Structures are given as C-alpha cells and as structure tokens.
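Novice: First to last, the sequence lines map onto chains A and B. Per the working numbering, the first sequence runs over residues 886 to 1179. Per the working numbering, the second sequence runs over residues 2 to 407. Positions of the beta carbon are idealized from the N, C-alpha and C atoms, including for glycine. Note that the coordinates shown come from a computational prediction; the quantities given were computed from them, not determined experimentally.
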Amino acid sequence: MDEIFGIPAPLLFGQLLLGLINGAFYAMLSLGLAVIFGLLNIINFTHGAQFMMGAFVAWMLLEWAGLGYWWALLLAPLVVGITGVIIERLMISRLYKLDHLYGLLLTFGIGLMIEGIFRNEFGSSGLPYRIPPELSGAWDLGFMFMPIYRGWVVVFALFACLATWLVIEKTRLGAYLRAATENAALVQAFGVNVPRMITLTYGAGVALAALAGVLAAPIYSVNPQMGTNLIIVVFAVVVIGGMGSILGSVITGFTLGVIEGLTKVFWPEASATVIFVIMAIVLLTRPAGLFGRA
Amino acid sequence: MDTTRRRLLAGASAAAAVAPFGTARAQASTIRLGVMSDMSGPYRDATGPGSVVMTQAAVAEFGARGFNVEVLQADHQNKPDVGANLARQWYDQGVDAIIDVPTSSVALAINQIAREKNKVFLNSGAATSDLTGSQCSPNTVHWTYDTWMLAKGTGAAIVRTGGDTWFFITADYAFGHALQRDTTRFVEAAGGRVLGAARYPFPQTTDFSAFILQAQASRAKVLGMANASTDTVNTIKAAREFGLHRSMKLAALLMGLVDVHALGLEAGQGLLLTESFYWDLNDRTRRLTERVRAQNQNRPPAMVQAGCYGATLHYLKAVADMGVAAAKADGRAAVARMKAMPTDDDAFGPGRIREDGRKIHPVFLFEVKSPAESRGPWDYYKVAATTPGEEAFRPLNEGGCQLVRS
C-alpha cells in the first residue's frame, strides 16, 4: 500500500486528484467546443481567446468596478457571451454554407487578433487576481494538502457540465437544438427561429469558455496567452471524445486530465505529448472518436 | 492572372524591404542596429518593445558624432528557426549589430551566425552562461546577466541560510537545463544535495501543481524554480495555494520586476531574487528612468531592457573610437575595441567586458517588499546584498571558453 510502481501511494492519490482538477478545465472548455461544433458545425478556434477574455473581464470587474469574484462568475460569461453573439452575427453566420475550413480560419484569425489587442493593452506578463477569501485555505486530506479553491473548481465544473447536458438532452429547447442540427429547414418550417437559436447557442458555448476563464483566474497567471496552450490540448480532447459529442467531451476531459497527471509523475517530460499520442491512436482505431457517431 | 499579380506583389514588397539600404553612400556612414526580441510572447514585457525604447535611449544619449544610427526591430517569436532566418537576412542587408535576443535557444543560434558573418551580437536578454562559456565567440558580448550569476546570486545565498537540500522544477529546454546545472554546482559546493527534479514541457505547461506535490514528497528544504516569466509566476501561485511555502523555501532563480508586478506583492513578498539592475538603485538609475518612462508605457525599464541601453551605448562609443568604416567592415574588431575600453553608463555604472565576452558589473540580491513597505507602483525591491562584479560572474578560466588563453 505504501508504494505503487515505485511511487509513494499518497503522492499517486494526490496526482489523481490534481488530474481530475485539470480535467475539469478540459471538460468545461471542450464542452463549449462540442456544443458549438455539434450545433453550428463550426470549429471554434477563438475558444482559447474567449477563455482568456473571461479571466480578463473578471480582473477588470475587480479593478475598475470593484466587483469581486462572485459577480465575475455571473457577469464575465455574460459579457464575453455577448461579444460571441456579435461575432457570430457579423461574421461566422456568413460561413455556414461553406467548408469547415473557412470557419476554422476565420475563428483562428479572430482569436489571434483578440490576443494581440489584449497584449497591446495589458502586456504579456500577466495581472494578479486573488483567490476569494471565502475559498482560500486548504483541507488536510492526510495524503495531501487540498486547496479549497481547487475543490470548488471540480464541483462547479461538474455542475456546469451536468446542467449543459440536461438542457440539451432533457428540455424542449434542447430538443429544438438537436432537431435543428439534423434538419434546420424542417425545424424552421415548424415556426422555430433557427438562426436566432444558433446565435444564442454560439453565445452560450463562448460563455462556457469565459466561465472556465473566471475559474482559472485565481490559480493561473491572467495573461493574453493563457488560452493558447490550453486550447491545443482541449482540441485533442474534443477529437478523442468525438467531435460534437457532449457527454464524450466531458468524460474524455476528466479522463485525459488524470492520464496527463499520472504522466507528470512517471515521465514529466512527456506530459504534453501523451495526449497527442492518445489522439493519434484513437484516430487510427476509431476515426469518429470514442463517443462520436461515424 | 491571379498568380502573376501575387508574384508582382511579392516582388514589390521585397523591393520595399531592400529600398532603405539602396543608397551606398548613406550606408557607409550609418550604423544599423537590429533589436530582435520577443515582441508577442511570454518575455515581451521584460524585453520586447521596452528593449527597443532603451536602445533608442542609448542612441539619443550618444548624440550626433559624425554618423547616423538607425534602429530596426523584429519579433523572433522565441523560435530558433525564425530568429536565425531573421538574423541572416538582417546581417546580409547591412545590419551591423543585433541587440537583445532573449530565449537562450534563439540566442545560441544567432551567436553562430554573427560569428560566421563577422558581425556584432550584443546579447542582453538570454540567460545561458554558455554564450561566454563553451560557445563563446569573438563577435558576441553578453551584457546583462547569465545563469551562473543567477545561480550564485540566489542559489548560494539560500544555501548559506541553511537550505541545503533542493528539488528543482525545470523548464525542459536549454535555459532551464543551464540554470539547474549551474545552481546544482553551488548547492553541492556548499555541501548541499539535490534530491530530485521535474522537467516539464516548455511552453505547453500551465498547471504546476503536480510538480509542487512531487517537490513536497521529496522532503527537500528548498524548491528551485529553473524557469522564467509566466511559468515562475504560475509555480509560485501553485506553491502558495498548496501551502508549500510553509515547509519549503522558494528560490525563484530567474525572476524580474515585471514578474513581481504580475504576481502581486501579496503573493510575492519575501522572495529573494537576483538582478543586475533596478530602477531605484541610485541617482543615476533614477535619472535614466525619468528620461525613458514616458516612452516605455510609463513603466520603469526592466533589467534586460536596461542592458540593451548599456550595450548599445558602449558599442556606439567603440564605433566612434575606431571609425564607422572599420567598425562596419569587421565585427570582431568592433567587439575587441569594446573589450579594450572601460564601460560606464547610467544603468550599470562603471565596468568592463572580459575577453570571453562577459560584461562585468555589480549584482544585487533583492528581497521583495511587503504591500505595507511598498510606497507605490513599481516600488517592489529592497537590496539584501551586493556582490562586486569580479565575484558575481563565473571566473574566466572555468567557463571553457576557447578565447581565453590559460
């Protein structure tokens, strides 16, 4: 019990837990991507920048308006979601009839521009954002020291994922959305305003990214490139889970977080590569992803 | 049709790029300086546009002495291939000296190119001590700092206070390796031991908590952070969150003013760090800061940016001393002249350049102030110790530099 594969058991349990926490971020981000891809057929490469915007809006609310973390949790996704709606209306909506590649290029370009604007305004080294006093401190779990805030992140992320899944799978609105992906013209014929629904869906996906950004602000440096590295991993998660599969992206997010965490113990140098190795294997054996429909 | 137009456009833009170098007479009496830096990545605030501002400040201070000075700038994106291509292009188009170049892997690539083309390379931003060690070059001056100096400044100071067992969190590339290696040497020389290290993929790592847990399990007394910038900030944040700072000392081996700014004094207070420049050191540094602050986005210059100022000013003095034509024709001779002349500037005070290319000046161990001690924005440091230049850098005969005759 003391050692597993030559690693002290407490350390291993600790890493499993940390893996779950990182997995929570992957799950929330890939969930937003999956929703957008599933319903809009757009590969949203702006997602990393929108995650970053969430963190920055939290910082702005605190610095400029004196509104703390709890307000940010509510307002930042709203603000960033609205910018998403504007982007969708002005630009993305023109591309639905074209190949995926155009949407990918457009959103990638928008992401680069947003990052550039933030870098010019705020520099690259980052801004401080503190853990809210209600959530600071830590629990001693015996095998590790568990910061309360990280526990909160996992619980909150699980809640957000569950809520999104319920809305899409169990409500009338969700049923419209799913129907619209199958046959938009038919749903429109029934009197549902499909373009508006799609716009709001994009806004909601973006708001999820911003929400993850607010959650990340107290633990990672708030800087313009904070989404760049994360988003590449998240895309791998979405591909492994199966493009557009909501449950798949959540389960894959958490699982890959754990696998990455364990790699950090056994072979830290490979921890950035392991996810892509898995992605390659999955694509070779199940091209539609683990939970995707071929 | 479309192809032809594109070709025409490509041709036009190439012509535009060459145009400023067109007139041969103007070229003969113009010194061209190329500031190559990280303009868009993690090192931007500590180097980047501020390095350009400080290079221009040196040109302004130098004044008109019978030749023109032109300052160009480029972004190497922290990629050795991008940096090497830019450097070849610049040198071939008449740039006489490349300045700054943070990111050790890029700097080492340009170090080779400057030597091959017999031009000048004034490095301020890169950390690796190999630039004046195993890879030293007669065309290179390494001005501001290096991994050996950081290791001695922060590492040795912490060993002295009883921190004799270490665990490293290391960025897995040239810089991190060099910093860990140089620090390990000091820890072991003082009778300490390194109990373990975690090398993480750079720059793809955001979350450091896994390594914090490993450090905790190692039961070492000191956490050595052989990384920089955002990574260091994220490591310290995680260490505080997981209560590591209660059981271990945190040694941020490369940390600067902008990192402290990003971290905030609340989380940063009490940290020890090593730098060779701070804006509030003395009257000369304060005067320099006043001169440049408005152009530098109302921020005081950071260490590397100040280094660009110092190196440029001294290079221009050497050019004036030997004549523009001679300096342009032979980069090696220009660097030799720089080494022969004593240095003096507002950022680093009097000093000299050693035969291996290492600039020698005093080095400071700073302690980060608490929020209560700080009198306002950017008032972050108090001096904990000063090391004279001759002791602060690696002794000349220990670097393995071929230029040094033993």
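Which residue comes first and which comes last in the beta strand (DSSP E) that contains B:Leu123?
Specialist: Looking at the DSSP string, the run of the beta strand (DSSP E) that includes B:Leu123 is Val121 to Asn124.
Novice: Taking the straight line between their C-alpha atoms, what separation do you get for B:Asp281 and B:His178?
Specialist: Distance between the alpha carbons of B:Asp281 and B:His178 is about 32 Å.
Novice: Taking only runs of the alpha helix (DSSP H) that begin and end inside the region 1085–1117 of chain A, which ones reach a length of at least 4 residues, in chain order?
Specialist: Within the region 1085–1117 of chain A, no complete alpha helix (DSSP H) run reaches 4 residues.
Novice: Suppose the cutoff is 6 Å on Cβ atoms and the five residues either side in sequence are ignored; what does the same chain contact list for B:Ala227 look like?
Specialist: The answer, listed in chain order, is Phe169, Thr171, Gly177, Leu180, Gln181 and Leu254.
Novice: Based on DSSP bridge pairs, tell me the residues matched to B:His143.
Specialist: Beta-bridge pairing links B:His143 to B:Asn124 and B:Arg359.
Novice: Which runs of the beta strand (DSSP E) fall wholly inside the region 33–112 of chain B and span at least 3 residues, in chain order?
Specialist: Whole beta strand (DSSP E) segments, 3+ residues: 69–76 and 98–101.
Novice: Does the contact criterion of 3 or more C-beta pairs under 8 Å hold for the region 1089–1103 of chain A versus the region 955–962 of chain A?
Specialist: At 8 Å Cβ cutoff, the stretches touch.
Novice: What's the gap between the Cα of B:Phe187 and the Cα of B:Ala152?
Specialist: Approximately 7 Å between the Cα atoms of the pair.
Novice: Give, in chain order, every residue of the region 992–1018 of chain A whose Cβ lies closer than 9 Å to some Cβ of chain B.
Specialist: Taking 9 Å as the Cβ-Cβ cut-off against chain B, the residues of the region 992–1018 of chain A that qualify are Glu1000, Gly1001, Arg1004, Gly1008, Ser1009, Ser1010, Gly1011, Leu1012, Pro1013, Tyr1014, Arg1015 and Ile1016.
Novice: Quick check on B:Arg26 - is its C-beta less than 7 Å from some C-beta in chain A?
Specialist: In this prediction, B:Arg26 scores a pLDDT of 46, lower than 50, which makes its location untrustworthy; no coordinate-derived value is stated.
Novice: List the residues of chain A whose Cβ lies closer than 9 Å to the Cβ of B:Thr231, in chain order.
Specialist: Those are Ser1009, Ser1010, Gly1011, Tyr1105, Ser1106, Asn1108, Gln1110 and Met1111, listed as they occur along chain A.
Novice: Pick helix, strand or coil for A:Trp949, following the three-state DSSP scheme.
Specialist: Here A:Trp949 sits in helix by DSSP.
Novice: When the distance is taken between beta carbons, is B:Met150 closer than 7 Å to B:Gln306?
Specialist: No, the pair does not count as a contact, with Cβ atoms beyond the cut-off.
Novice: Go through the region 288–376 of chain B residue by residue and report every complete run of the alpha helix (DSSP H) that reaches 4 residues or more, in order.
Specialist: DSSP runs (the alpha helix (DSSP H)) wholly in the region 288–376 of chain B: 304–323, 325–330 and 332–341.
Novice: Count Cβ pairs between the region 975–989 of chain A and the region 922–935 of chain A that sit closer than 8 Å; are there 3 or more?
Specialist: The answer is yes - the region 922–935 of chain A touches the region 975–989 of chain A, with three or more Cβ pairs under 8 Å.
Novice: Just how far apart, CA to CA, sit B:Thr290 and B:Met256?
Specialist: Cα to Cα, B:Thr290 sits roughly 20 Å from B:Met256.
Novice: Beta-carbon of B:Glu374 versus every beta-carbon of chain A: anything under 7 Å?
Specialist: No, its Cβ sits nowhere closer than 7 Å to a Cβ of chain A.
Novice: At which residues does the beta strand (DSSP E) containing B:Lys383 begin and terminate?
Specialist: Unbroken beta strand (DSSP E) run through B:Lys383: Tyr382 to Thr388.
Novice: Would B:Ile237 be called buried (16 or more neighbouring beta carbons within 10 Å of its own) or exposed?
Specialist: B:Ile237 should be labelled buried.
Novice: Candidates B:Pro343, B:Arg395 and B:Thr31: which alpha carbon is nearest B:Val364's?
Specialist: The candidate whose alpha carbon is nearest that of B:Val364 is B:Arg395.
Novice: So, with DSSP's three-state summary, where would you put B:Ala13?
Specialist: Low confidence applies to B:Ala13: its pLDDT is 40, below 50, so where it sits in the model is not reliable, and the reading given next is rough at best. Helix, per DSSP.
Novice: Can you check whether the C-beta of B:Phe243 is within less than 7 Å of a C-beta belonging to chain A?
Specialist: Interface residue, yes.
Novice: Given 8 Å as the limit, is there contact between the region 1121–1138 of chain A and the region 1082–1090 of chain A, that is, 3 or more CB pairs closer than that?
Specialist: Too few Cβ pairs lie closer than 8 Å, so no.
Novice: To be precise: take each residue of the region 207–232 of chain B, compare its Cβ to all Cβ atoms of chain A, and keep it if any distance is under 8 Å. Which residues remain?
Specialist: Within the region 207–232 of chain B, the residues whose Cβ lies closer than 8 Å to some Cβ of chain A are Thr207, Asp208, Ser210, Ala211, Phe212, Leu214, Gln215, Gln217, Ala218, Ser230 and Thr231, listed in chain order.
Novice: Is B:Thr184 near the ligand MG, going by C-beta to nearest heavy atom under 6 Å?
Specialist: Of the ligands one can find in the structure shown there are none, so the ligand MG has no counterpart to examine.
Novice: Specify the secondary structure class of B:Asp208 as computed by DSSP and reduced to three states.
Specialist: If DSSP states are grouped into helix, strand and coil, B:Asp208 belongs with coil.
Novice: Below 8 Å on the Cβ atoms is my contact criterion, and I expect A:Ser1156 with B:Tyr201 to pass it. Report the Cβ-Cβ distance as a whole number of Å.
Specialist: That pair is a contact at about 7 Å.
Novice: Closest Cβ-Cβ distance between A:Phe1139 and chain B: below 7 Å?
Specialist: Judged by the 7 Å Cβ criterion, A:Phe1139 is not in contact with chain B.
Novice: If you scan the region 154–238 of chain B from start to end, which runs of the alpha helix (DSSP H) of 4 or more residues do you find wholly inside it?
Specialist: Entirely contained in the region 154–238 of chain B, the alpha helix (DSSP H) runs reaching 4 residues are, in chain order, 158–161, 175–190 and 210–219.
Novice: Note the first and the last residue of the continuous alpha helix (DSSP H) segment covering A:Phe1003.
Specialist: Here the alpha helix (DSSP H) through A:Phe1003 covers His985 to Phe1007.
Novice: Between which two residues does the alpha helix (DSSP H) containing A:Phe1180 stretch?
Specialist: No answer is possible for residue 1180 of chain A: it lies beyond the span of chain A, which begins at 886 and ends at 1179.
Novice: Can you find the residues in the same chain that come closer than 7 Å, C-beta to C-beta, to A:Met1164, ignoring five residues on each side of it along the sequence?
Specialist: Closer than 7 Å at the Cβ level, and outside the excluded window around A:Met1164, lie Ala1121, Val1124 and Ile1125.
Novice: Are B:Gly400 and B:Gly134 closer than 7 Å when you measure CB to CB?
Specialist: Yes, these two residues count as a Cβ contact at 7 Å.
Novice: Who pairs with A:Trp1024 in a beta bridge, going by DSSP?
Specialist: Beta-bridge pairing links A:Trp1024 to A:Met1031.
Novice: Just the Cα atoms here: how many angstroms apart are A:Tyr1105 and A:Ile1016?
Specialist: The straight-line gap from Cα to Cα measures roughly 10 Å.
Novice: Pop quiz: A:Val942 and A:Ala957 are said to be a contact at Cβ under 8 Å. What is the actual Cβ separation, rounded to whole angstroms?
Specialist: At roughly 7 Å, the Cβ-Cβ gap stays under 8 Å, so A:Val942 and A:Ala957 are in contact.
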